[in-house]
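>
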Amino acid sequence: MSTIERVELDAVIFGGGAAGLWSLDALHRAGYRVLLLEAGDLGSGQTIASQGIIHGGLKYTLTGLLTPSARAIRDMPGRWRRCLAGEDEPRLSRTRLRGHYCHLWRSQSFRSRLAMLGARAGLQVAPVPLDPDERPAVLRRCPGTVARLDEQVIEPASFIEDLANPHRERILQIDCANGLEFLTTGPGEVELVRLINPDSGSAVDLAPRRVILLAGGGNASLREQLGLSAERAQSRPLHMILARGTLPTLNAHCVDGTSTRLTITTTRDARSRDVWQIGGRIAERGVKLDPDRLVHEAVREIRATLPEVDLTGTQWTTYRVDRAESAAQGVRPDSIGVVEEGNVLTGWPTKLALVPMLADEVLRVTRAGLSADHEQDAASIDSALRDWPRPRVALPPWETISTWITVDSAEPV
Ligand SMILES: Cc1cc2nc3c(=O)[nH]c(=O)nc-3n(C[C@H](O)[C@H](O)[C@H](O)COP(=O)(O)OP(=O)(O)OC[C@H]3O[C@@H](n4cnc5c(N)ncnc54)[C@H](O)[C@@H]3O)c2cc1C
Numbered sequence: 015m016s017t018i019e020r021v022e023l024d025a026v027i028f029g030g031g032a033a034g035l036w037s038l039d040a041l042h043r044a045g046y047r048v049l050l051l052e053a054g055d056l057g058s059g060q061t062i063a064s065q066g067i068i069h070g071g072l073k074y075t076l077t078g079l080l081t082p083s084a085r086a087i088r089d090m091p092g093r094w095r096r097c098l099a100g101e102d103e104p105r106l107s108r109t110r111l112r113g114h115y116c117h118l119w120r121s122q123s124f125r126s127r128l129a130m131l132g133a134r135a136g137l138q139v140a141p142v143p144l145d146p147d148e149r150p151a152v153l154r155r156c157p158g159t160v161a162r163l164d165e166q167v168i169e170p171a172s173f174i175e176d177l178a179n180p181h182r183e184r185i186l187q188i189d190c191a192n193g194l195e196f197l198t199t200g201p202g203e204v205e206l207v208r209l210i211n212p213d214s215g216s217a218v219d220l221a222p223r224r225v226i227l228l229a230g231g232g233n234a235s236l237r238e239q240l241g242l243s244a245e246r247a248q249s250r251p252l253h254m255i256l257a258r259g260t261l262p263t264l265n266a267h268c269v270d271g272t273s274t275r276l277t278i279t280t281t282r283d284a285r286s287r288d289v290w291q292i293g294g295r296i297a298e299r300g301v302k303l304d305p306d307r308l309v310h311e312a313v314r315e316i317r318a319t320l321p322e323v324d325l326t327g328t329q330w331t332t333y334r335v336d337r338a339e340s341a342a343q344g345v346r347p348d349s350i351g352v353v354e355e356g357n358v359l360t361g362w363p364t365k366l367a368l369v370p371m372l373a374d375e376v377l378r379v380t381r382a383g384l385s386a387d388h389e390q391d392a393a394s395i396d397s398a399l400r401d402w403p404r405p406r407v408a409l410p411p412w413e414t415i416s417t418w419i420t421v422d423s424a425e426p427v
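If you use this note's numbering, the sequence shown corresponds to residues 15 to 427, in order.
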C-alpha cells in the first residue's frame, strides 16, 4: 500500500488572483512555508476582467466629503507606484502600464462641477485641472473642466504574470470538484487538505497551520465546505462593455453628479487593435439589459460625452462579471474585508488598489500565530510537489469573446 506524502506548511492560500498572489509573496518573503492553490487560471474572475486603475479615492469623494472609503484607499497609489517602479516589494517592474495617470472630464450638470471641486479635498491624489493644450486630443474641446489624476492604470495580465513568476514552484493547479478534500475538526478548524494531482492521480496531504481563502467568488463555497457561513460574502454584478478597432487612447472617468457616468480604459488586443473597456455607472445599470441593448446604450453615451470620437467600423460586445466582497448589505464595503475563524482566514480586497493593504493584514494575522522558518521551505515543497501541474495566466475577456457587433456609420445602432 503506498503512503500519502505529507507536507507540513505554515499556510495554504486558495485563489491566485491579485489578493492571493500578493499575499503569497508577502508570506514567502516573511519566511513562511506557504503554497497557493488555484482552481482555474490565475486571475480568472475579477483581476483579469478589471480596468486596472490604481484608485486613490477620487471616486469616493464626489459627494464632497472625505468618506471612509476614500480614507482607506488614499495611500495606495504611492505604494503601487514604488512597486511598479521596482523600488519596493513586490517588485513589479515588468508589469505593463496602460497609463501613467487617468483623466477626468465632466458632464454639463452643476452638480458635476461641485463634485469636481469636492473631490480635491483631503486626497493624496487630487485632480489637477488642465489647460486645453495640456489635455488629450479627444478631450481638448470638452466644454467643462478636464483634470489629470495621478492614478496609474495597469495591464492586469502582465501584473498577474509579474507577481506569479517568482513563485511558480509554490503555485499548484487543483481540481476542486474531484481533487480536493478537507479534514476538519470543527467549523473553521482545518487539519489536512488532501489534493489529487490532476495529471498523475496521486494524492498529497497538506498540513497547514493556517488556511487563507482569497478566492474571490470562490470564497463562499470554500467557506461552506469548511463549515463556515457563506453569508459573510456578497457578490455585486457588473455588465461591462468592450469596443475595439481604431480608437483614441483614453484612461478616464466622466463625472456626472456624484458618480462616474463612464470609466474608459484603453488597451491593445493580440491583433494590435485598440480596445476600450467601459465601466462605471453604465455597467451597474447595464446588469438589467441584454448585450445588444447595452451596446446600443454605450454607443449613445460615448456619442453624448465624447462627440469627437469617430466610432465608424468599431466593434462592440459586453461581458458580465461579479464583484466578490465581504457582506455589506449589498453596497460596496468601505475597505478590505477580513474574517478570522478557527485557523481559517477569509479575505476580500474590495478593490485591486487595496490588495497591498489586504496582504499586510494577512501577514499580520499569520504572524500573530506563527513563527518564521524559511530554511525548510524549499526542501519540503520541492520533493513532494515538483511535478505538479502549474496554472497559466487567464486570458482577458476581449481575447475570449467571439460575438461582436459592428457600428457601421454615425447612425444609431
Ligand atoms: C469589471 C471590474 C473592473 C474592476 N476595475 C477595478 C479597477 O479599475 N481598480 C480597482 O482597484 N479595482 C477594480 N475592480 C475590483 C478588483 O478587480 C478586485 O477587487 C480584485 O481583482 C479582486 O482580486 P481577488 O484576488 O480577490 O479575486 P479574483 O481576481 O476574482 O481571483 C480569485 C481567484 O481565485 C480562484 N478560485 C476561485 N475559486 C477557487 C477555489 N475553490 N480554489 C482555488 N482557487 C479558486 C479564481 O480562479 C481566481 O484566480 C474591478 C472589478 C471588476 C469586476
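Think of the CB as a built atom: it goes at the ideal place given N, C-alpha and C, for glycine as much as any other residue.
For the stretch 197-208 against the stretch 303-319, do three or more pairs of beta-carbon atoms, one drawn from each stretch, fall closer than 8 Å, so that the two count as touching?
no
> State the DSSP-derived secondary structure class of Ser273, mapped to helix, strand or coil.
Reading the sequence shown from its first residue, position 259 is the one you call residue 273. Of the three classes helix, strand and coil, the one that applies to Ser273 here is strand, per DSSP.
> For Ile226 versus Ser37, is the C-beta spacing smaller than 8 Å?
Residue 226 sits at position 212 when you count from the first residue of the sequence shown. Residue 37 sits at position 23 when you count from the first residue of the sequence shown. Closer than 8 Å, so yes.
> Name the two residues that bound the continuous beta strand (DSSP E) containing Val218.
As a working note, residue 218 is residue 204 in the sequence shown. Looking at the DSSP string, the run of the beta strand (DSSP E) that includes Val218 is Ala217 to Leu227.
> Counting pairs of Cβ atoms below 8 Å between the stretch 139-154 and the stretch 234-241, do you hit three or more?
no
> Per DSSP, Asp336 is paired with what?
Looking up residue 336 in the sequence shown gives position 322. In the DSSP output, where bridge partners are listed per residue, Asp336 has Pro251.
> Count the other CB atoms within 10 Å of the CB of Ala393; is the residue buried (16 or more) or exposed (fewer)?
Working through the sequence shown from its first residue, we reach residue 393 at position 379. Residue placement at Ala393 is flagged as unreliable, the pLDDT there being 48, under the threshold of 50; the coordinate-derived value follows with that caveat. With fewer than 16 other Cβ atoms within 10 Å, it is exposed.
> Name the residue from Leu186, Glu205, Arg346 and Ala221 whose alpha carbon lies nearest to the alpha carbon of Asp213.
If you number the sequence shown from 1, residue 213 lands on position 199. Selected option, being the one with the closest Cα: Leu186.
> The beta strand (DSSP E) that contains Gln239, what's its start and end?
What you label residue 239 is simply residue 225 of the sequence shown in a count that begins at 1. Unbroken run through Gln239 is the alpha helix (DSSP H), Asn233 to Gln239; no beta strand (DSSP E).
> Should the stretch 65-74 be called in touch with the stretch 266-280, which here means at least 3 C-beta pairs below 8 Å?
yes
> Just how far apart, CA to CA, sit Pro247 and Asn233?
Here residue 247 is taken as the residue at index 233 of the sequence shown, counted from 1. Here residue 233 is taken as the residue at index 219 of the sequence shown, counted from 1. First, the amino acid is wrong: residue 247 is Ala here, not Pro. Taking the straight line joining both Cα atoms gives about 7 Å.
> Taking the continuous alpha helix (DSSP H) assigned at Thr326, which residues delimit it?
Taking the sequence shown and counting its residues from 1, one reaches residue 326 at position 312. Taken as a continuous stretch (DSSP letters only), Thr326 belongs to no alpha helix (DSSP H), as it is neither H nor E.
> Under a three-way DSSP split, which group does Thr198 fall into?
Translated into positions along the sequence shown, residue 198 becomes position 184. Strand.
> Taking 8 Å as the cut-off, decide whether the C-beta atoms of Val218 and Val21 are in contact.
Start at 1 with the first residue of the sequence shown, and residue 218 comes out as number 204. Start at 1 with the first residue of the sequence shown, and residue 21 comes out as number 7. Yes, the pair counts as a contact, with Cβ atoms nearer than the cut-off.
> Per DSSP, what kind of secondary structure is Ile67 in: helix, strand or coil?
One-based indexing of the sequence shown puts residue 67 at position 53. It is a strand residue.
> What does a CB cutoff of less than 8 Å around Asp422 pick up in its chain, not counting 5 residues either side in sequence?
What you label residue 422 is simply residue 408 of the sequence shown in a count that begins at 1. Contacts found: Thr326 and Gly327.
> Out of curiosity, what's the CA-to-CA distance linking Gly30 and Ser273?
Reading the sequence shown from its first residue, position 16 is the one you call residue 30. Reading the sequence shown from its first residue, position 259 is the one you call residue 273. Rounded to whole angstroms, Gly30 to Ser273 spans 31 Å at the Cα level.
> Is any heavy atom of ligand 1 found at a distance shorter than 7 Å from the C-beta of Val335?
By 1-based counting over the sequence shown, the position of residue 335 is 321. Checking every heavy atom of ligand 1 against the Cβ of Val335, one is found closer than 7 Å.
> Please confirm whether any heavy atom of ligand 1 lies closer than 7 Å to the CB of Glu298.
As a working note, residue 298 is residue 284 in the sequence shown. Not so, every heavy atom of ligand 1 lies at least 7 Å from the Cβ.
> Report whether the distance from the Cβ of Gly59 to the nearest heavy atom of ligand 1 is below 7 Å.
Within the sequence shown, numbered from 1, the residue matching residue 59 stands at position 45. Flag set: Cβ of Gly59 near ligand 1.
> Between the stretch 341-360 and the stretch 48-57, do three or more beta carbon pairs fall short of 8 Å?
A contact between stretches requires three or more CB pairs, one per stretch, nearer than 8 Å, and the stretch 341-360 fails this requirement with the stretch 48-57.
> Would DSSP call Ala392 helix, strand or coil?
On the sequence shown, residue 392 is found 378 positions in, with the first residue counted as 1. With a pLDDT of 48 at Ala392, under the threshold of 50, the predicted position of this residue should be treated as unreliable, and no value is reported.
> Cutting at 8 Å between CB atoms, please list the residues of its own chain near Leu359, excluding the five before and the five after it.
Within the sequence shown, residue 359 is the residue found at index 345, counting from 1. Cβ-Cβ distances below 8 Å link Leu359 to Arg224, Val225, Ile226, Leu227, Val352, Val353, Val376, Val379 and Thr380 in the same chain, with the five nearest sequence neighbours on each side left out; the list follows chain order.
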